[in-house]
Amino acid sequence: MDTNLLNNYVLKAIDAYPYTLEETVENLNYALSYESDNAYALYLMGRLQAEQFGDYETAKQYYAEALANKMDFHKVYPHYILVLMWNEDYEEAQKLIDFALTVKGVYKSEIHLLQGFVFECLKDYKKALKALKLAKKLGYNNSYISFIESEMKRIKDKIKPKKTKKSKSKKKKKKRKKKK
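Residue numbers (the numbering used here): -4 to 175.
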């Protein structure tokens, strides 16, 4: 198999995704017919299944196969973790997070951010905030850090819901009744 031809199909698929899905699928099918274990083609097929078709089980299979062929393919980890979260496979997501944090070259801040989201899904908001604080510490992009800060605020709001005017007026009425 001509490696240049394979790479050409993969590059065409990358260029077409997500704007021209028909072209993406066609090029991915060509690439996978030439090399069924091409990690990048498998990864992109996983994204297509998850993001366009909502088929998380099939996406999980593609991501797992991509990682089986190239464990250090750092682009796969965040997308795979998200699919596991969307599919409510939190235990599996946690295992992948733990492993991803050991992979050289993985953007650790992003993995910790996703760890925070897993904890949030499990309604463990304190652990979620702790993970986001670590993500912020490891981040190296101002707009990304601002995003993390906004996520932290959003989660803090879940811990301490804002008091409404109605609840304040109810407390005043209760105090008045107690005085009488």
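All C-beta atoms in this analysis are idealised placements derived from N, C-alpha and C, irrespective of residue type, glycine included.
Anticipated Cβ contact below 8 Å, Gly111 with Ala123, distance rounded:
Sequence index remark: in the sequence shown, residue 111 carries index 116 (1-based). Sequence index remark: in the sequence shown, residue 123 carries index 128 (1-based). Confirmed, Cβ separation roughly 4 Å.
Residue range of the alpha helix (DSSP H) that includes Glu83:
Within the sequence shown, the letter at position 88 stands for residue 83. Where Glu83 is concerned, there is no enclosing alpha helix (DSSP H), given that its DSSP letter is neither H nor E.
Express the C-alpha separation of Leu62 and His69 in angstroms, rounding to a whole number.
Locating residue 69 in the sequence shown gives position 74, counting from the first residue. Locating residue 62 in the sequence shown gives position 67, counting from the first residue. Each residue's Cα considered, the two are about 9 Å apart.
From Asp32, Lys99, Ile92, pick the residue whose C-alpha is nearest to that of Leu109; which is it?
As a working note, residue 109 is residue 114 in the sequence shown. The residue with the shortest Cα to Cα distance from Leu109 is Ile92.
Uninterrupted alpha helix (DSSP H) stretches inside the region 124 to 159 (no shorter than 4 residues)
137 to 154
Compare the beta carbon distance of Ala26 and Tyr4 with 8 Å and say whether it is the shorter of the two.
Position 31 of the sequence shown, counted from the start, is the residue given in the question as residue 26. Position 9 of the sequence shown, counted from the start, is the residue given in the question as residue 4. Yes, the Cβ-Cβ distance between Ala26 and Tyr4 is below 8 Å.
Here's a check: name, in chain order, each residue in its chain whose Cβ is nearer than 7 Å to the Cβ of Ala126, leaving out the five neighbours to either side.
Position 131 of the sequence shown holds residue 126. Answer for Ala126: His107, Gln110, Gly111, Phe114, listed in chain order.
Please state if the CB of Ala8 and the CB of Ala36 are separated by a distance shorter than 8 Å.
Counting from 1 along the sequence shown, the entry for residue 36 is found at position 41. Counting from 1 along the sequence shown, the entry for residue 8 is found at position 13. Yes, Cβ-Cβ distance for Ala36 and Ala8 is below 8 Å.
Alpha-carbon to alpha-carbon, Leu96 and Asp10:
As a working note, residue 10 is residue 15 in the sequence shown. As a working note, residue 96 is residue 101 in the sequence shown. Cα to Cα, Asp10 sits roughly 29 Å from Leu96.
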